[in-house]
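Quick mapping for you: the protein sequence lines, in order, are chains A and B.
Quick note: the first sequence uses the working numbering, first residue 492, plus one each step.
Quick note: the second sequence uses the working numbering, first residue 241, plus one each step.
C-beta atoms are modelled at their ideal positions from N, C-alpha and C, and glycine is treated no differently.
Notes follow the structure.
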Amino acid sequence: KQEVTQIPAALSVPEGENLVLNCSFTDSAIYNLQWFRQDPGKGLTSLLLIQSSQREQTSGRLNASLDKSSGRSTLYIAASQPGDSATYLCAVDTGNQFYFGTGTSLTVIP
Amino acid sequence: GAVVSQHPSWVICKSGTSVKIECRSLDFQATTMFWYRQFPKQSLMLMATSNEGSKATYEQGVEKDKFLINHASLTLSTLTVTSAHPEDSSFYICSARPGLAFETQYFGPGTRLLVL
Numbered sequence: 492k493q494e495v496t497q498i499p500a501a502l503s504v505p506e507g508e509n510l511v512l513n514c515s516f517t518d519s520a521i522y523n524l525q526w527f528r529q530d531p532g533k534g535l536t537s538l539l540l541i542q543s544s545q546r547e548q549t550s551g552r553l554n555a556s557l558d559k560s561s562g563r564s565t566l567y568i569a570a571s572q573p574g575d576s577a578t579y580l581c582a583v584d585t586g587n588q589f590y591f592g593t594g595t596s597l598t599v600i601p
Numbered sequence: 241g242a243v244v245s246q247h248p249s250w251v252i253c254k255s256g257t258s259v260k261i262e263c264r265s266l267d268f269q270a271t272t273m274f275w276y277r278q279f280p281k282q283s284l285m286l287m288a289t290s291n292e293g294s295k296a297t298y299e300q301g302v303e304k305d306k307f308l309i310n311h312a313s314l315t316l317s318t319l320t321v322t323s324a325h326p327e328d329s330s331f332y333i334c335s336a337r338p339g340l341a342f343e344t345q346y347f348g349p350g351t352r353l354l355v356l
């Protein structure tokens with residue numbers, strides 16, 4: 492069974508810092524991997540989708556990489572802002588279902 | 241882009257009553273819809289997968305008689321929490337897949353259920 496783990500569970504950084512969130516998964520047989528943002532009490536906002544054949548995707552200050560063979564993905568956030576404070580979830584899509592990670596709670600201090 | 245809606249966004253009910261949550265794909269046909277549950281400070285856990293016109297497939301530990309799922313059309317799936325109890329209070333999120341297995345899922349905004 493696919494297991495998805497995110498490290499760290501919580502992260503607090505001063506505004507302006509670059510940061511990296513990590514996601515690892517146990518089974519490399521995936522269709523794609525997706526990073527989401529979730530604000531408290533809210534639903535999911537899709538940030539980046541990486542197909543299994545891709546190595547990375549970029550959107551603005553966000554860059555996500557995927558190393559399927561090693562079962563790892565990273566989300567890089569450049570020049571962090573207080574508005575980036577949220578929980579970040581990664582999820583792998585096996586074709587049958589999504590498996591979500593445990594999330595990283597990010598706080599960006601002004 | 242693909243949009244999935246959920247109704248209601250908030251529901252408060254008394255213990256013992258039943259609550260229905262709707263999930264609609266607004267601009268695409270969803271052959272498969274998924275229902276997730278999220279408890280506070282935890283990640284999303286898949287409850288069940290439903291395909292239009294057939295019975296839902298429930299994950300281990302999810303009571304199918306308590307969480308009734310109906311996927312009557314290609315744009316609508318409903319989750320009914322029967323005889324709700326306080327421990328059913330949670331955030332319920334649905335997602336919909338347009339068609340083929342390699343296509344991604346699109347998530348609804350979620351429904352927060354509070355059972356008193």
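Let me know the secondary structure DSSP gives residue 508(A) once reduced to three states. The DSSP-derived three-state label of residue 508(A) is coil.
Going along the segment 499-529 of chain A in order, which residues come within less than 7 Å of chain B, judged by CB to CB distance? 522, 523, 525
Just tell me which of 563(A), 518(A), 502(A), 535(A) has its CA closest to the CA of residue 494(A). 518(A)
Please give me, in chain order, every unbroken run of the beta strand (DSSP E) with length at least 3 that falls completely inside the segment 531-587 of chain A. Whole beta strand (DSSP E) segments, 3+ residues: 535-542, 547-550, 553-558, 563-568, 577-584.
State the Cα-Cα distance for the pair residue 568(A) and residue 574(A), rounded to the nearest angstrom. 12 Å
Rounded to the nearest angstrom, how far is the Cβ of residue 546(A) from that of residue 557(A), given a contact under 8 Å? 6 Å
Burial state of residue 509(A), where buried means 16 or more other Cβ atoms lie within 10 Å: exposed
Give me whichever residues DSSP pairs with residue 260(B) in a beta bridge. 320(B)
Please list, in chain order, the chain B residues whose beta carbon lies closer than 8 Å to that of residue 471(A). Only positions 492 to 601 of chain A appear in the structure, and residue 471(A) is not among them; the question remains open.
Own chain partners of residue 318(B) with C-beta closer than 6 Å, once the 5 adjacent residues on each side are dropped: 260, 262, 310
Between 356(B), 351(B), 347(B), 336(B), which has its C-alpha nearest residue 269(B)'s C-alpha? It is 336(B) whose Cα lies nearest to the Cα of residue 269(B).
Any contact of the segment 580-596 of chain A with the segment 284-295 of chain B, i.e. 3+ C-beta pairs under 8 Å? yes
Should residue 345(B) be flagged as near chain A, meaning a C-beta pair shorter than 9 Å? Interface residue, yes.
Which stretch, first to last residue, makes up the beta strand (DSSP E) that contains residue 271(B)? Element bounds for residue 271(B): n/a, residue is neither H nor E.
Kindly identify the DSSP beta-bridge partner or partners of residue 247(B). Note: residue 247(B) sits in a beta bridge opposite 262(B).
Would you mind working out which of 323(B), 329(B), 245(B) sits nearest residue 258(B), comparing C-alpha positions? Comparing C-alpha distances from residue 258(B) to each of 323(B), 329(B), 245(B) shows the shortest one belongs to 323(B).
If we count the other Cβ atoms within 10 Å of its Cβ and call it buried at 16 or more, is residue 275(B) buried or exposed? Answer is buried; the Cβ neighbour count reaches 16.
Are the Cβ atoms of residue 497(A) and residue 594(A) separated by less than 9 Å? yes
If you count every other CB in all the chains shown that lies within 10 Å of the CB of residue 562(A), and 16 or more means buried, which is it? buried
Under 7 Å Cβ-Cβ, which residues of chain B neighbour residue 580(A)? 283
When burial is assigned at 16 or more other CB atoms within 10 Å of the CB, is residue 347(B) buried or exposed? buried
Neighbouring residues, chain A, relative to residue 339(B) (Cβ below 7 Å): Correct list: empty, because the minimum Cβ distance to chain A is about 12 Å.
Note the first and the last residue of the continuous beta strand (DSSP E) segment covering residue 332(B). 330-337
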